[in-house]
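Q: To start, I am sharing the structure in question, which I have written as structure tokens.
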């Protein structure tokens, strides 16, 4: 009989369970040791509410191989990378904690090891009689404990016949350590010409330990970044309220969201989030739907109008009918789209990994041929020469510089980006941004400020000056619940105009408001509302809101979402870089068209929901375009995740920022131009680094193999092989630092 793991909900065969636990007279079985420990840490939590649906168990995938999906944490069978949770699953950071612990121990032991190894160069050789044994003592835990995860991945690369950077790391670290141990334990195996002063053979413990420590730093940073990939989904899931107020037989009862059924009547109180998708049946209010449409102005709702789960109700209350629940709601579909986009986005294959596939095989082949050539055709002692020269070939091919080539340039680039207001969340974003040829932008909050403001105020034949007229109008609007009223009030407050109380306030739904302010009869509303007062003067015809003072239309106002001051310059610079700009907006076609015309946007698509934005991004990608998506709202999250590079405004929502690979700290589109230029400079730098990393190998490997021996009698000692390896690393580091002076 099968059992249910109470922690993750997986179906478990008790005979094959990874562990079990007894609690309150009941035996529980678990799919993994991880679930066992979590249950034992808090048995009440899991025993009280076991998951009855194994089908909903968490899934984990490889960030480099999205086709790998597992039902429990672990490592990718192809590359050995840690699997990360998908679909909003709870994050498991056990591997991150373990690797962080290994990193700190390795760093603490590597520091004195490096000091001991450098002592002879500093003139302290006499004080370190047993320094070689101290090096062995310090390096052994670093290599075999700190580097164990890399050796495991090294073995997987051999087992699966997929050479990668872990193959190089395992090979280089392992051989450097083994060679050094043999040099201490059996120095007689080495020919005299390879001995240092004093008859000792050189060791490479510090090289092995430093490589492990440096690679561990990169792994920890990478795991931290990957652990944040599901944060956007968890942010989205938190938008839905946990409870709903159901009306049944005239009685209101608060129930969990999971108990809501299609057809239920739900009451939505002022300020609450709407629980599910449905339609209004009683009452009216204004609803903030910016998470769906991106439009900053709340939308009036009356009986018959549709409402969306997760959006926020304003001051009014209403009763709605539930029509879509669970996975059918728009919010649930957005969650699904973000999750799918994060999983299906193909990772950028680094040039170093491509070269490594052949480099490892070639180096090993050369080392084997070197050993055979010296053993069969070399001078005596043949076995010693065969061993030493083969090891020299492998040591000079140590992947330290190769491993540093990409990450050190990326690290410098990320620092430069931060100084210029651009935050990169991954190396893939830095690499991919250089190829972008199409930028898809949201309107509200990206091209525009993102909130309605009073952008124009004009008087016509008014009995009062502008300041006094604004005081009367804003005082009246302060008592109104209309979505645009707040913008007028804020404009008055910004100009430090004092407001007065209102008497006899009256609101005509959908038309306007009126009342008495400081002895003046004031009315504010639509063109239709003003017709009863003689209509709107021609001088104010281009305004959207009108005000009458003492029975005469005297002012016109325009409330809109203004374009950011930096946007025109940014659009011009992007066009100069050859970038095509496409606007996707949930706003009306008229409003979006006006903004696009003013800015010179290449293409405009308005009145689109989140799934339409994703479809447009997919369509552009299908045309062979490399697409970057810039947005700031919840409704942009799926498209940000789906695009080749997602760019979020730092002034936008947390969900958008978590879905994107790049964040513009100040929400200034001009930073995109800097990011693109920095990306191009960085990838040029990476290629240069790879050249430096491999040129030493290309020159040193043949010499280490002994090609110069027949003519010049020269052999490349492993000591000089190590020096060449160090020189390539130094060249890579100094070249990467040149990025600090890159002009972007």
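Numbering (the numbering used here), first residue to last: 1 to 744.
We put the beta carbon where it would ideally sit given N, CA and C, even for glycine.
Nothing here was measured: the structure is a model prediction, and the numbers come from that model.
(1) Considering residue 285, what are the terminal residues of the beta strand (DSSP E) in which it resides?
(2) Just to confirm the assignment: which complete alpha helix (DSSP H) runs, minimum length 4, are found wholly within the region 531-607?
(3) Going by DSSP, which residues form a beta bridge with residue 438?
(4) How close, in whole Å, do the beta carbons of residue 491 and residue 454 come, if the pair is a contact with beta carbons under 8 Å?
(5) Using CA coordinates, which residue listed in 162, 737, 594 and 319 is at the minimum distance from residue 358?
(6) In whole angstroms, give me the CA-to-CA distance for residue 451 and residue 97.
(7) Roughly how many angstroms separate the alpha carbons of residue 518 and residue 526, rounded to a whole number?
(8) Output the boundary residues of the alpha helix (DSSP H) element that contains residue 792.
(9) Judging by CA-CA distance, which residue of 39, 210, 32 and 171 is the nearest neighbour of residue 104?
(10) Let me know the secondary structure DSSP gives residue 298 once reduced to three states.
(11) Determine the extent of the alpha helix (DSSP H) in which residue 494 is found, giving its start and end residues.
(12) Whose C-beta lies closer than 6 Å to the C-beta of residue 5 among residues of the same chain, with five residues either side of it excluded?
(13) Helix, strand or coil for residue 328? Go by DSSP, reduced to three states.
(14) Which two residues bound the contiguous beta strand (DSSP E) that contains residue 27?
(15) Applying the 10 Å Cβ sphere with the 16-neighbour rule, what's the burial state of residue 243?
(16) Give the single residue among 312, 264 and 301 whose Cα lies nearest to the Cα of residue 758.
(17) State the CB to CB distance for the pair residue 312 and residue 287, rounded to an integer number of angstroms; the pair is presumed to be in contact (CB under 8 Å).
(18) With 16 as the cutoff for other CB atoms within 10 Å, does residue 306 come out buried or exposed?
(19) Thinking C-alpha only, which one of 205, 732, 134 and 314 is nearest residue 481?
(20) Enumerate in chain order the residues of its own chain whose CB-to-CB distance from residue 706 is below 7 Å, with the five nearest sequence positions on each side excluded.
(21) Does the region 434-442 come close enough to the region 618-635 that 3 or more CB-CB pairs lie under 8 Å?
(22) Here's the rule: buried if 16 or more other CB atoms are within 10 angstroms of the residue's CB, otherwise exposed. What is residue 509?
(23) So what does DSSP say about residue 204, is it helix, strand or coil?
(24) Tell me, to the nearest whole angstrom, how far the beta carbon of residue 645 is from that of residue 413; I am working on the premise that it is less than 8 Å.
(25) Report buried or exposed for residue 520, applying the criterion of at least 16 other Cβ atoms within 10 angstroms of its Cβ.
(26) Can you give me the start and stop residues for the beta strand (DSSP E) that residue 260 sits inside?
(27) Considering just the uninterrupted stretch of the alpha helix (DSSP H) at residue 748, what are its terminal residues?
(28) For residue 708, name the three-state secondary structure that DSSP assigns.
(29) Under the DSSP definition of a beta bridge, which residues are partnered with residue 70?
(30) From residue 680 to residue 595, what distance separates their C-alpha atoms?
A: On the basis of the supplied data:
(1) First-last of the beta strand (DSSP E) with residue 285: 285-288.
(2) Counting whole runs of 4 or more residues, the region 531-607 contains the alpha helix (DSSP H) stretches 567-576 and 589-599.
(3) The partner list for residue 438 (beta bridge, DSSP) reads 580 and 627.
(4) Contact holds; Cβ gap of about 4 Å.
(5) Checking every option, the nearest Cα to that of residue 358 belongs to 162.
(6) Near 42 Å, if we compare the C-alpha coordinates of residue 97 and residue 451.
(7) Near 23 Å, if we compare the C-alpha coordinates of residue 526 and residue 518.
(8) This structure gives no information on residue 792, because the portion of the chain shown stretches from 1 to 744.
(9) Looking at the Cα atoms, 210 is the closest of the given residues.
(10) DSSP places residue 298 in coil when its eight states are reduced to three.
(11) From DSSP, the alpha helix (DSSP H) with residue 494 extends over 485-494.
(12) Cβ neighbours of residue 5 within its own chain (closer than 6 Å, five residues either side excluded): 12, 30, 31 and 35.
(13) If DSSP states are grouped into helix, strand and coil, residue 328 belongs with the helices.
(14) In the DSSP annotation of this structure, the continuous segment of the beta strand (DSSP E) that includes residue 27 starts and ends at 26-30.
(15) Under this definition residue 243 is an exposed residue.
(16) There is no way to answer for residue 758, as the model of the chain reaches only from 1 to 744.
(17) Sure, about 7 Å apart at Cβ, within 8 Å.
(18) The residue in question, residue 306, is exposed, as its Cβ has fewer than 16 Cβ neighbours within 10 Å.
(19) Closest by C-alpha distance to residue 481, out of 205, 732, 134 and 314, is 314.
(20) Same-chain partners within the cutoff: 370, 374, 389 and 715.
(21) Contact holds: three or more Cβ-Cβ distances are below 8 Å.
(22) Residue 509 comes out exposed.
(23) DSSP places residue 204 in coil when its eight states are reduced to three.
(24) Between residue 413 and residue 645 the Cβ distance is about 14 Å, and since that is not below 8 Å, they are no contact.
(25) Looking at its Cβ environment, which holds 16 or more other Cβ atoms inside 10 Å, residue 520 is buried.
(26) Annotation for residue 260: no beta strand (DSSP E) segment contains it, and DSSP assigns it neither H nor E.
(27) The question about residue 748 has no answer, for the chain in this structure spans 1 to 744.
(28) Judged by DSSP in its simplified three-state form, residue 708 adopts coil rather than helix or strand.
(29) Beta-bridge partners assigned by DSSP to residue 70: 60.
(30) Going from the Cα of residue 680 to the Cα of residue 595 covers about 30 Å.
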